[in-house]
Amino acid sequence: MALKLPIYMDYHATTPCDPRVFETMRPYFTEVFGNAASRNHQFGWEAEEAIENARKQAADLIGASSKEIVFTSGATESDNLAIKGVAEMYYERGDHIITAVTEHKAVLDSCKKLEKRGFRVTYLPVGSDGLISADDIKNAITDKTILVTIMMANNEIGVIQPIAEIGKVCKEKGVVFHTDATQAIGKVPFNVSELNVDLASFSAHKIYGPKGVGGLYVRRKNPRVVLVPMMDGGGHERGMRSGTLNVTGIVGLGKACEIAKQEMPVENERVFSLREKLRKGIMDEIPDVYVNGHPTERLPGNLNVSFAYVEGESLLMGINDIAVSSGSACTSASLEPSYVLKALGVGEELAHSSIRFGLGRFNTEEEVDYTIGRVNEAVNRLRELSPLWEMVQEGVDLSKVQWAGE
Amino acid sequence: MAYSDKVIDHYNNPRNVGSFDKKDPSVGTGLVGAPECGDVMKLQIKINPDTQIIEDAKFKTFGCGSAIASSSLATEWLKGRSVDDALAIKNTAIVKELNLPPVKIHCSVLAEDAIKAAVRDYQQKQTTEEPKAEEAAVNA
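Those sequence lines, one after another, are chains A and B.
Each position in the first sequence, counted from 1, maps to that position plus 11 in this note's numbering.
Each position in the second sequence, counted from 1, maps to that position plus 41 in this note's numbering.
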């Protein structure tokens, strides 16, 4: 098959809708268009049936029961609902929340907002591998702690936190445990019972479903978790999220979950082997390339690497027919390099030099071969252009240079 | 973010990439920026001692495409200029020529700084006694 350009290798940002998902959604735009809350006619019943089918598909993927799934507009809303909903429900029990510095902004900014309302938040640091330990959580929990929120897989560096161990600690201490599992659910095995998770956020568009729809798992037993809703109105989703259900999107989410469950073992192995081919193809050829985050405790499709002495955005320009992303400040609106890489203690220079490759369902071996060639060519070219590379070749220790710009 | 055609052209075909011997008394070297900030530019000028005209200029840049383009353009503009004329190159002219968006203005500022630093280095070498010229360059 001929190589089609540009190549998409940014699967952590979003994924294309799987054609099977799209086909499943199709009738729900025009034919089965009813409001799932219409209880007194065929149109409503059909919509409701579709919703309940999707709810089951989502629940099956994570080992939950259907009644524990609340549909939302996506993982950002799910994170907001989980964190603020718990805080508002349990504030009489305590005012302390524990999270980590590498969380997604939807979690961090929800926590910051709660701080303004008087809650206290502990932002745990991570190790140089990007991981936190269950002991860190245990030591941070006080009798005022009402929520621990730790993501399962990081969106930038792909590292997978020891969620089962953290869940065990939280259960022992009787603290509600939320995980932003947006990058994990559908990508790696996830079971709410085995992990002792009370709340879990997920999103359809990260798992080959449509954008604008996601869900929140809310535990109903041992313990029963209750949330104060963010959205008030018709009392949909057991009162936790009012608003007419996005039937088409939810049908797509359900189908995406079903496919993920069926194909995960085979797909993971394939994506992992592509990732490893890419990693070796780059690192065997080019010196001074560093993997960011734990080498093995990471998503099969994630490769986040820093190319020393080459700035990330210039590298993106050099491989402009391959869609990836960079932790370089120049690619962010804030002009700050990635806060996740900074939290790992990666030097700012290496944060500026980082590229995130996100491989997924539709990547091919030809695409990986092409990418290896393009990346290696661009890095070599940019190093020839780099005064830092030149200085290092001359034996200069860059850390000892007094930079004019400092 | 979309880059201007001129930035892309300089990025794909950077002019005057390379290095002169920084100990050469006719060479002025400017090294500005810092790796932590994501931009380091090394800009060198080679001056004809008789005419005091910049005969050649070279650069190497660690930075985004706009930083590479700004320094590449600066070397083009420097050739054939007197030292005084070199100092007349303003970052705003680079911004205009390359159509840099506001977030990339600092790249042009860095290029202007690099020109000034290279001229300063050359001038320092001239005021120093001949035998000490080498020492000054090493410290530069």
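For every residue, glycine included, the Cβ atom is placed at its ideal position computed from N, Cα and C.
Computed from a prediction, not measured in an experiment: that's the story for all the values here.
In the three-state reduction of the DSSP assignment, A/A75 falls in the coil class. For A/V229, the uninterrupted beta strand (DSSP E) segment begins and ends at 225-229. With contacts defined as CB atoms closer than 8 Å, A/A65 and A/L264 qualify as a contacting pair. In chain order, G79 make up the part of chain B whose C-beta sits under 7 Å from the C-beta of A/H363.
Under the Cβ criterion of 8 Å, A/S77 is not counted among the residues facing chain B. For B/A75, a Cβ of chain A is located within less than 8 Å of the residue's own Cβ.
For A/T110, the number of other beta carbons within 10 angstroms of its own is at least 16, and it is reported as buried.
Look at A/I18 here: in three-state DSSP terms it is strand. Distance from the Cα of A/S121 is smallest, within the candidate group A/E103, A/E99, A/G323, for A/E99. The count of Cβ pairs closer than 8 Å, one atom from the stretch 12-25 of chain A and one from the stretch 357-370 of chain A, reaches three, so the stretches are in contact. Along the stretch 93-136 of chain A, the beta strand (DSSP E) occurs as fully enclosed runs of 3 or more residues at 107-111, 131-135, listed in sequence order. A/Y134 and A/I297 have their C-alpha atoms spaced approximately 36 Å apart. For A/H52, there is no enclosing beta strand (DSSP E), since its DSSP letter is neither H nor E.
Distances from the CA of A/I94 to each of A/S317, A/N303, A/V258, A/M241 were compared; the closest alpha carbon is that of A/M241. Setting aside the 5 residues that flank it on each side, A/S77 is surrounded in the same chain by R66, K67, A70, each with a C-beta closer than 6 Å to its C-beta; the list follows chain order. Taking all protein chains shown into account, A/G246 has fewer than 16 neighbouring C-beta atoms within 10 Å of its C-beta and is therefore exposed.
In the pairwise beta carbon analysis, the stretch 400-417 of chain A is classified as not touching the stretch 90-97 of chain B: fewer than three pairs are separated by under 8 Å. Note that the C-beta distance between A/I383 and A/Y228 is not below 8 Å.
Beta-bridge annotation (DSSP): A/R281 is not paired with any residue.
The straight-line gap separating the alpha-carbon atoms of A/D295 and A/L238 is approximately 50 Å.
Close CB contacts of A/G96 within its chain, under the 6 Å cut and outside five residues either way in sequence, are with L238, V239 (chain order). For B/D80, the enclosing beta strand (DSSP E) covers residues 80-88.
Spatial neighbours of A/E59 in its own chain (CB-CB distance under 6 Å, excluding positions within 5 residues in sequence) are listed in chain order as A47. Taken atom to atom, the span from the alpha-carbon of A/L355 to that of A/E183 is near 29 Å. With a threshold of 8 Å between beta carbons, A/P398 makes contact with chain B. Under the 8 Å criterion on CB atoms, B/Y163 is classed as non-interfacial with respect to chain A. Scanning its chain for C-beta atoms nearer than 6 Å, with the 5 sequence neighbours on each side dropped, one finds around A/S336 the residues D21, R367, in chain order. When CB distances to chain B are screened at a threshold of 9 Å, not a single residue of the stretch 288-303 of chain A falls below it. Interface annotation for the stretch 89-122 of chain B against chain A: K101, T102, F103, G104, C105, G106, I109, criterion Cβ-Cβ distance under 7 Å. For the 8 Å CB-CB criterion, A/L285 and A/N374 form a contact. DSSP places A/I157 in the strand class (E or B) of the three-state scheme. Membership of A/H363 in the alpha helix (DSSP H) is indicated by the continuous run 359-363. When rounded, the separation of the alpha-carbon atoms in A/E278 and A/V32 is 16 Å. For A/I80, the uninterrupted beta strand (DSSP E) run begins and ends at 80-83, by DSSP. Counting along the chain, B/T102 sits inside the beta strand (DSSP E) bounded by residues 95-103. Under the DSSP assignment, A/T41 falls in the alpha helix (DSSP H) whose first and last residues are 38-41.
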